[in-house]
Every structure is written in C-alpha cells, then in structure tokens.
Amino acid sequence: MKRQNIRTLVLIICTFTYLLVGAAVFDALESKMEITQKKILDDRKRELTDKYNLSKVNFDELERVVLQLKPHKAGVQWRFAGSFYFAITVITTIGYGHAAPSTDGGKVFCMFYALLGIPLTLVMFQSLGERINTFVKYLLHHLKKCLRLRNTEVSMANMVCIGLISCMSTLCVGAAAFSRYEDWSFFHAYYYCFITLTTIGFGDYVALQKDNALQTNPQYVAFSFMYILTGLTVIGAFLNLVVLRFMTMNAEDERRDAEQRTLLSQNRRTGGAGTNHCMSDPPSSSTAGHGGGSGKGLCNVYAEVLHFQSMCSCLWYKSQEKMRYSIPMIISHDLSNSDTYMEHSETSDALHSNGCVCSALQEHSATSSGYTGLLSPAHYQRLSKRRSSI
C-alpha cells in the first residue's frame, strides 16, 4: 500500500477516534448541567403560567415574541456598520448567528456572496500567512546573525515557537480589550477570541451587541473589525506551518512514486528491447556522480562509430546492415567499462600521431581472428572516444 494511502487511513482513524473522545468528554461535562438548567427553566415556566394565569398557547406566543426580539436587543443591525460586521462573519465562516437575513432577496444574495467570498478570503489569508512566515523567517535569520550564533538557519521548530507565541499574544490582547468593553471576565473574553479566530463562532458571546455599540462607539467598532481580520491572519499564518509540512510530506511521496514509475517503465523498455539486441549499459560512476541516472546504450556507441567512419576516408568499413547484425553479437558488456579502454588508447601512438586510426586498424586486422572484416571492441571504443574529442 502506498505511503499516502496509509497516511490518509491513519488520519481518518485518528479523526474519528478524536470525535469519539470529544463526545465522551462533553457528555461527561455538560449533560448534568443541561438537565439541571432544563429543570430550572421548567419550574420557572410553571411559576409564570400560574402567577399570570397564562394558558399554554399564550405562553408559547409570548415565548416566540421574546425570541424574535432577541436579535434587536443590541439595536439596529442592518445599517452599514452592522452589515459590514455581518459580511465579515459570512466570508470568514465565523457565523455568530446574532443576525441573519430575513428577506428572500437577502437570503439569495447571502448564498451567492458566500460562494464567492469564502474561497477569496481563504486564499487571501493563506497568501498573507505565507508572507508573514517569510518575513518572520527573514527577521530570525538576521537576528541569529546579529547574535553571532553558529547556526543561522531558521528551522521549523523556530517557526512553530514564534507562531505559538504570536497566537497566544494575539488572544491575550483581544481578551484584555473585550473584557474591558464588554464587561466580561478575562477567561470569557479569551474564550470569545479563541472561538472567533478559529472561525467556530458559537454565538454565545458576541461583541458589539451591548448599548447600541454599532452606532454609538465607532472607535470600538473599528478596533473589533481590525482585530478579527488581523487575528485571523496570525492564526492562518500559524496553521500554514502545519499545512505546509503535511503538503511537503505528500510532495516528497509523490516525487518518490514518480521516480519509481519512471524506473519501472525504463526497466520494461530495456527488457523489451532485448529482441533487438540493443541493451542499455549500467550507469558508470562518472555518470552517476553527475546525476545522469543511466549509462549510454550500446546503440549510441554503434551510431557514433558508424558516423565516425563516414568522416575518415582511409577507414575501411562494412555496410550498416552488416554492422547492425554483427556488432551486437560480438561486443561484450565489458565495453561499458570505458575507462580501461580509454587508458589503453591513450598509449597508442597511432591514434595521437596524425588523428587517423588506419594504421591501428590495419595492425589489428592482421592479428584478429575472432571475427572477419570487423573492428575489435577495444577499437570501437577508441573510435567512440576519438569521435567525442573531435
């Protein structure tokens, strides 16, 4: 099984396990409180119906009116400031639920607005996060240089530490500000900032819903908008580090799989070419050292020899058809070890005296008895090397 498939399967199992653990913990923490609160509300409802002599129908009507009035408790929500606040919660997927369109036209526009705005916002925050991470890495690198540290490279651990510190600082600054303006405790304000900047947006705590703040306190409104957008950028920059690491792992696996597929295809082609007596040489050390990956095939050597023969009129030669069928059967695979033949050819005076190999070929033809009218493997390799030098 591929490594990517294994990783995906592990992630699925871990996610569902995480969900089960979370469900068990929330059940243990919240179920008793829910039962207690429901009992208190039922008792209060019974007291009100008995005190004011309300029927069930009248009480349900009163309850419906109170619920409809709840969004308007904070004042007008659909002026420009309130609409801008709502638009932020839509495209950032926070979705407090403190306000919602009531007209059919508003609902239709909200769907199309979110359809385009959500991916646009995600791409923007992702791009800003990358720029912030690059800038922070640049600052850390120069800071290490100024401190004369031995290792000035910025590691992933350094970036994660800076990201955690930035996120904690952003949450603390927001908690301090909202606890002052909203009269929340620091813990509840911190909880609101975390739920907002992670785009969970339960709506149990919503800023700008007190004392008609959207119309009467523009400075606080501007701060809230800027804090939400800036905080989302900081959180996005930190999450980009985790996402980037995962994408890097996937890219490495994809590259490794591509290399394996290339090697398999090359092996299949090499095996299929055996019927044509044209096989590739194993990669030499010099080629592998330069990242060549595979040696030059014997067919290339034959082609270079034939081409070199056409350039020297004093060489005796055979037809290409005879060469094609005779050379592969007599040249051994040791021909790929070209360094030995090259060292031998460098000691030959015939090859260095006038640039022509006639004398060497004639001398060898007088002593060669293994085959008739053909060059020896050593001389074919010399011709190839000499052809390369020319």
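Taking full-length UniProt numbering, the leading residue of the sequence shown gets 1, the next gets one more, and so forth.
Heads up, the beta-carbon is just placed ideally off N, CA and C, and yes, glycines get one too.
Once you ignore the five residues that flank THR134 on each side, which residues in its own chain have a CB closer than 6 Å to its CB? none
In this structure, does DSSP put THR198 in helix, strand or coil? coil
In whole angstroms, what separates the C-alpha of HIS333 from that of GLN266? Its pLDDT being 43, under 50, HIS333 is placed unreliably in this model, and the value from its coordinates should be taken loosely. Between HIS333 and GLN266, the C-alpha separation is close to 19 Å.
Is there contact between the stretch 176-184 and the stretch 243-262, where contact requires at least three CB pairs shorter than 8 Å? no
Can you have a look at GLN219 and say buried or exposed, based on whether 16 or more other CB atoms are within 10 angstroms of its CB? exposed
Counting only C-beta atoms, is VAL21 closer than 8 Å to chain B at any point? Given the protein chain composition of this structure (a single chain), no chain B is represented.
Answer with buried or exposed for residue 392, where buried requires no fewer than 16 other C-beta atoms within 10 angstroms of its C-beta. Because the chain spans 1 through 390 in this model, residue 392 falls outside it and cannot be assessed.
Do GLU130 and ASN240 come within 8 Å of each other at the CB atom, strictly closer than that value? yes
State the DSSP-derived secondary structure class of CYS358, mapped to helix, strand or coil. Below a pLDDT of 50, predicted positions are generally treated as unreliable, and CYS358, at 44, falls in that range; no measurement from the model is reported.
Buried or exposed: where does MET168 fall if 16 or more other Cβ atoms within 10 Å of its Cβ makes it buried? exposed
Measure the alpha-carbon distance for PRO283 versus ASP253 and round it to whole angstroms. Below a pLDDT of 50, predicted positions are generally treated as unreliable, and PRO283, at 45, falls in that range; no measurement from the model is reported.
If I measure Cβ to Cβ from residue 394 and keep anything under 6 Å in the same chain, skipping five residues before and after, which residues do I get? The first residue shown for the chain is 1 and the last is 390, placing residue 394 beyond what the model contains.
For a quick check, are the C-beta atoms of ASN212 and ALA24 less than 8 Å apart? no
Three or more C-beta pairs closer than 8 Å, one from the stretch 89-98 and one from the stretch 199-214: is that the case here? yes
Measuring straight from C-alpha to C-alpha, what distance separates GLY97 and VAL206? 9 Å
Determine whether the beta carbon atoms of LEU232 and PHE86 lie at a separation below 8 Å. no
Please give me, in chain order, every unbroken run of the beta strand (DSSP E) with length at least 3 that falls completely inside the stretch 74-142. none
Just verifying my parser: in three-state terms, what is the DSSP assignment at LYS32? helix
For ALA114 and THR103, I'd like the C-alpha separation in whole angstroms. 16 Å
Rounded C-alpha distance that separates MET33 from VAL65: 27 Å
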